[in-house]
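This report concerns only the one structure given below.
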Amino acid sequence: MTPLLVFLLALVLILVLTTKLKVNPFLSLISVSIFVALLAAKPFDGLESILTGMGRVMHQLGIIIVCGSIIGMVLDGIGGTSLIADDIIRLSRKPVLALNVLGFLVAIPVMCCILAYVIFIPIAREIAAKQKIPIGVAATSLSLGTLASYELIYPTPGVYSAATELGVVGTDVVLLGILIAIPTSVAGYLYANRFCRLGGVPMSRVKTQRERTSRLRAYPPIVVPLALIFLKLIVPIPLLNFLGNPNIALPIGVFLAFVAAYGFGREKVNTWTREAVQRGGGILMVLCAGGALGSTLAMTGVGQEIGALIVRSGLPALFIPFLVAVAIQSVQGSRLVTFLIVPSIIMPILPELGLPLEIALMSMASGTFLVSHANDAYFWTVVELADMTPSAGYRCYTIGGVVIGTVALIMTVLVYFSGIFVV
């Protein structure tokens, strides 16, 4: 069976299992991963890909997801998220837009869109509760804001690696990335506000002012880890390189959350922690299963097959890097991997395409927004932490990614025809 047919069958099966039959996402993803390995006639290679894909996600996100879950649960219990949400609502006339901006700004220095989302989703839930809006609006606005900056602005890891591979000077694309990313992020907010009223209005756990902690306790569990990660980037000393690693900074945030909860009772804190670990662990297993599916699909070689077809298609040059990135991203789910693979596919034909390297990079980056689905760890992070159904996730996150990716491509086209960059 051809890799392309295997890929299409896998997508259909995932949609049927998760949206129609309501099968548990972990079981659905693992089952389809095994199905892909068998259809590709590579059962043993497929098993290795499943384990490798799961291990990669656990390695990258295990500590971050569980610690972020603990921080959020404890701050929620002591009223910290309620207080921070009130501050955002008071300071911003449009708190959902403020979430989009927060995600946009924070995803750059923390070098991770998922980490930015994990940190702010408890606050997004509280804002949704206080504003009486569905969680889909707040979660989508936040997540698309993190994607806009992470996918387009140098030196986030994907853009950095692709720029290096293509021979693009980083300083030549910083302002270009910002110019394209800002309207892309705003488009994400507008899409969320108009089309993502899904998931229901969450309940606030804090009923009175007396149940809330103080600002002095509420902010450090979030601000201190972010500050450590920021400082690591600008002060290159061994101590900050260690403390600024997200796998260390987030546990420090957990400790500060426990300090903030002093006086609320050990039994309550233990209960919150247990619930958070159970929730975070469940989410993490779904993310790992998504990583397994992405790794197994990549093993079939379908991404390279589709990429080669696009390169030979005779389409307008500006769309070639975009569509190759779409193909690779759709197949294997990891944006960083997409940024690593696509340059090797398009490099040989760049002279023939006649595109400025900066434009080729932005076209490629625009393609990494879509199509993100069940093999994307961020898809399940957004869905599970916002308590949305997979079908709501497809409408909010997947289609939202298509929207902002299209906006990013349109902005790239406008810049190209402005004549600012030449070959």
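For the sequence shown, our numbering assigns the number 584 to the initial residue and increments by one for each residue that follows.
Yeah, the Cβ is synthetic: ideal placement off N, Cα and C, and Gly gets one too.
Here the structure is a predicted model, which means the values were calculated and not measured.
In chain order, Lys-713 place their CB closer than 8 Å to the CB of Asp-669, counting only its own chain and leaving out the 5 sequence neighbours on each side.
By the neighbour-count definition (other C-beta atoms within 10 Å, threshold 16), Ile-812 is a buried residue. By the Cβ-count criterion, Gln-643 is buried, with 16 or more other Cβ atoms from all chains shown falling within 10 Å of its own Cβ. Nearest to Ala-840 by alpha-carbon distance, out of Ser-878, Arg-798 and Ile-817, is Arg-798. Between Val-751 and Leu-944, the beta carbon gap of about 5 Å places them in contact (Cβ cut-off 8 Å). Thr-883 and Phe-962 have their C-alpha atoms spaced approximately 22 Å apart. Scanning the segment 721-772 for uninterrupted alpha helix (DSSP H) segments of 4 residues or longer gives 740-749, listed from N- to C-terminal end.
The three-state reading of DSSP puts Gly-937 in coil, since its state is none of H, G, I, E or B.
Leu-997 is classed as exposed because its beta carbon has fewer than 16 other beta carbons within 10 Å across all chains shown. The closest CA to that of Arg-780, considering only Ala-975, Glu-748, Val-965 and Gly-662, is found on Ala-975. A straight-line Cα-Cα distance of about 15 Å links Gly-686 and Gly-983. If you check the CB distance, Leu-592 and Leu-612 do not come in under 8 Å. Taking a 10 Å sphere around the C-beta of Tyr-845, we find fewer than 16 other C-beta atoms and assign the residue as exposed. For the pair of segments examined, the segment 871-885 was found to touch the segment 631-640: the number of CB pairs separated by less than 8 Å reaches three. Taking the Cα of Leu-938 as reference, the smallest distance to any Cα among Met-971, Val-954, Phe-1000 and Gln-915 is reached at Phe-1000. Going by C-alpha positions, Ile-710 is about 23 Å away from Leu-833.
A residue is called buried once 16 or more other Cβ atoms fall within 10 Å of its Cβ, and Phe-922 is buried on that count. Here the alpha carbon of Ser-768 sits roughly 34 Å from the alpha carbon of Ser-632. Counted as a single uninterrupted DSSP element, the stretch harbouring Tyr-977 is not any alpha helix (DSSP H), since DSSP gives it neither H nor E. The count of Cβ pairs closer than 8 Å, one atom from the segment 945-965 and one from the segment 692-712, reaches three, so the stretches are in contact.
Between Ser-955 and Phe-905, the C-beta spacing is not below 8 Å. Taking the C-beta atoms as reference points, Ile-736 is found no nearer than 8 Å to Ile-697.
Its Cα nearest to that of Asp-628, the residue Leu-876 stands out among Glu-858, Arg-918, Leu-940 and Leu-876.
Taken through DSSP and simplified to helix, strand or coil, Lys-603 comes out as helix. Counting only runs of at least 3 residues, the segment 604-664 fully encloses no beta strand (DSSP E) element at all. No residue range can be given for Phe-902, since it is assigned to no alpha helix (DSSP H) and is classified by DSSP as neither H nor E.
In the structure shown, Asp-670 adopts helical secondary structure according to DSSP, grouped into three states. When the beta-carbon positions are compared, Met-971 and Gly-782 come within less than 8 Å of each other.
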